[in-house]
Amino acid sequence: MIQLSKIEQVLREMKQYNIDILALSEIRWKRVGQETLDHGYVLLYSGEDNHHQAGVGFMMSPAGYRTMLKWTPINERILFARFATTHTKVSVIVCYAPTNEADDDVKDSFFETLQAVTKDIPKHDVLCAAGDLNAKVRANRKYCPEVLGPD
Numbered sequence: 020m021i022q023l024s025k026i027e028q029v030l031r032e033m034k035q036y037n038i039d040i041l042a043l044s045e046i047r048w049k050r051v052g053q054e055t056l057d058h059g060y061v062l063l064y065s066g067e068d069n070h071h072q073a074g075v076g077f078m079m080s081p082a083g084y085r086t087m088l089k090w091t092p093i094n095e096r097i098l099f100a101r102f103a104t105t106h107t108k109v110s111v112i113v114c115y116a117p118t119n120e121a122d123d124d125v126k127d128s129f130f131e132t133l134q135a136v137t138k139d140i141p142k143h144d145v146l147c148a149a150g151d152l153n154a155k156v157r158a159n160r161k162y163c164p165e166v167l168g169p170d
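Each residue of the sequence shown is one higher than the one before, starting from 20 at the first, in the working numbering.
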């Protein structure tokens, strides 16, 4: 998603479907930052320091951005934000898990960090985890092929 044309496409889709807060994974932007986009939309992102790999973010409409209480970039695979709604607070973690092929230390570190982030969330908040957890489904796909798609 590194190209600006992709951002413009996502903005169009957000407007078309009235999406105020969108979690993004594998955006491949370097470092941590906040960019103001067209029409007051905002992109928050957290990526690697030196490579265009991994990366997570939130894209928000002006209305979505106004509800944000705080955001915390954890690393290139985990980003946290907290939002105020009319009746409650919502904590959202966007994540991009390493694949099964990654070293066990990398996978363990990711899930330990994710667990540590969830422990700091107030108990009364609604918790939403979004992103790409790189989950694999069983090899036997016959039970719901319309959902899982072709091999």
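Yeah, the Cβ is synthetic: ideal placement off N, Cα and C, and Gly gets one too.
Assigned exposure category for residue i - 16 Cβ within 10 Å defines buried
i           : result
residue 31  : exposed
residue 83  : buried
residue 130 : exposed
residue 95  : buried
residue 41  : buried
residue 116 : buried
residue 110 : buried
residue 146 : exposed
residue 154 : exposed
residue 92  : buried
residue 29  : buried
residue 24  : exposed
Of the listed residues the options, nearest to residue i (C-alpha basis)
i           : options           : result
residue 112 : 122, 99, 61       : 99
residue 52  : 136, 41, 62, 44   : 62
residue 114 : 122, 33, 134      : 134
residue 151 : 144, 119, 89, 138 : 119
residue 43  : 93, 102, 64       : 64
residue 149 : 143, 137, 127     : 137
residue 58  : 80, 39, 47        : 80
residue 103 : 121, 56, 143      : 143
residue 105 : 97, 36, 85        : 85
Contact belief for residue i with residue j at Cβ below 8 Å, rounded distance in angstroms
i          : j          : result
residue 87 : residue 60 : 13 Å between Cβ atoms; not a contact.
residue 74 : residue 45 : 6 Å
residue 50 : residue 76 : Contact doesn't hold; Cβ gap of about 12 Å is too wide.
Residues bridged to residue i [DSSP beta-bridge criterion]
i           : result
residue 89  : 101
residue 151 : 115
residue 30  : DSSP lists no partner for residue 30.
residue 108 : 103
residue 145 : 109
Q) In chain order, which alpha helix (DSSP H) runs of at least 4 residues are fully inside the stretch 40–83? A) none
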